[in-house]
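For what it's worth, our numbering labels the leading residue of the sequence shown as 3, then goes sequentially.
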Amino acid sequence: MNQCQVTFLPHNRTIEVSEGDSLIRAALQAGVHINASCGGEGVCGKCRILLEEGMVTEGVSERLSQEDLENGYRLACLSRISEDVTIRVPVESAIDRSVFDKRVTPRRTARIKQMDFESLKEQGLFIPPVEKVYLELPSPDAQNNMPDVTRLIEYLKLQADEHKLELTLPVIRKLPAILREHDFKVTVTLVRQVRDDGKTQITIARARTGRTHGFETFQIT
Ligand code: FES
Numbered sequence: 003m004n005q006c007q008v009t010f011l012p013h014n015r016t017i018e019v020s021e022g023d024s025l026i027r028a029a030l031q032a033g034v035h036i037n038a039s040c041g042g043e044g045v046c047g048k049c050r051i052l053l054e055e056g057m058v059t060e061g062v063s064e065r066l067s068q069e070d071l072e073n074g075y076r077l078a079c080l081s082r083i084s085e086d087v088t089i090r091v092p093v094e095s096a097i098d099r100s101v102f103d104k105r106v107t108p109r110r111t112a113r114i115k116q117m118d119f120e121s122l123k124e125q126g127l128f129i130p131p132v133e134k135v136y137l138e139l140p141s142p143d144a145q146n147n148m149p150d151v152t153r154l155i156e157y158l159k160l161q162a163d164e165h166k167l168e169l170t171l172p173v174i175r176k177l178p179a180i181l182r183e184h185d186f187k188v189t190v191t192l193v194r195q196v197r198d199d200g201k202t203q204i205t206i207a208r209a210r211t212g213r214t215h216g217f218e219t220f221q222i223t
């Protein structure tokens, strides 16, 4: 049986095959990829190749228009090699169609903006769910001898504009001792719970220094 040389472009790869061999098998042997979605049945029309030099037999299908045939297109799976031939594998036959169909996903970016919570709070646009407030309460004397709980709540109302406050029973019990132990300088933690009554719960911390930072705190629950 005669041997024929088949050259594949743009790979520029040449292989020798027997006359009558299938062109798509020759491509396979040469390591040249040609799409063959239908498995070489001549149905999908995805194995189109272009004859640059020489001729093949068969290779004609209704998947190719008359113009395609006149321009030298054939289906590789149906083509038989009958002489030395140079064929070009068009890019659409070499690359999986899905690559063309793939839509480029628009790139999404997120911008992170540093929020100035202090300023938002001042504008009334942000209420922190938990907040520590340093207090220097007035000590009780003959003119000011209200109970400690009232003293704390009234002071928060007047000085920190905090309303609807409540203290848990353990805090109420320990409040007098803590206030006196720390000369009425304490840090309270306001816990703004998401509840129907919208009340803010107060816990209290010892004050070790005169600043809000550097406190060793504990919560009374
Ligand atoms: S592989 Fe489908 S038509 Fe050739």
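Built from N, CA and C at the ideal position, the CB exists for glycine as well.
For residue 20, the enclosing beta strand (DSSP E) starts and ends at 15–20.
Taking C-beta separations shorter than 7 angstroms and ignoring five residues to either side along the sequence, the partners of residue 159 in its chain run 165, following chain order. In terms of Cβ geometry, residue 114 and residue 79 do not form a close pair [threshold 8 angstroms]. As summarised for the region 128–198, the continuous beta strand (DSSP E) elements at least 3 residues long and confined to that stretch are 132–138, 167–169 and 187–194, given in chain order. Distances from the CA of residue 31 to each of 39, 47 and 8 were compared; the closest alpha carbon is that of 8. Taking 4 residues as the shortest admissible run, the region 57–86 contains the following complete alpha helix (DSSP H) segments, listed from N- to C-terminal end: 68–73. Burial of residue 189 is indicated by the presence of at least 16 other C-beta atoms within 10 angstroms of its C-beta. Annotation for residue 132: 191, 192, 193 and 194 place their beta carbon closer than 8 angstroms to its own, counting only its chain and skipping 5 residues before and after. Taking 8 angstroms as the cut-off, the Cβ atoms of residue 50 and residue 75 count as close. Residue 110 sits in coil when the DSSP states are folded into three classes, being neither helix nor strand. Taking C-beta separations shorter than 7 angstroms and ignoring five residues to either side along the sequence, the partners of residue 34 in its chain run 10, 13, 15 and 91, following chain order. The alpha-carbon separation between residue 175 and residue 152 amounts to approximately 13 angstroms. Contact between the region 81–95 and the region 124–141 is absent: fewer than 3 CB-CB pairs across the two stretches fall below 8 angstroms. In the three-state reduction of the DSSP assignment, residue 89 falls in the strand class, which pools E and B. Here residue 82 is not near residue 45, since their CB atoms are 8 angstroms or more apart. No heavy atom of the ligand FES is found nearer than 7 angstroms to the CB of residue 96. Between the alpha carbons of residue 53 and residue 3 lies a gap of roughly 23 angstroms. Cβ neighbours of residue 61 within its own chain (closer than 6 angstroms, five residues either side excluded): 76, 77, 80 and 81.
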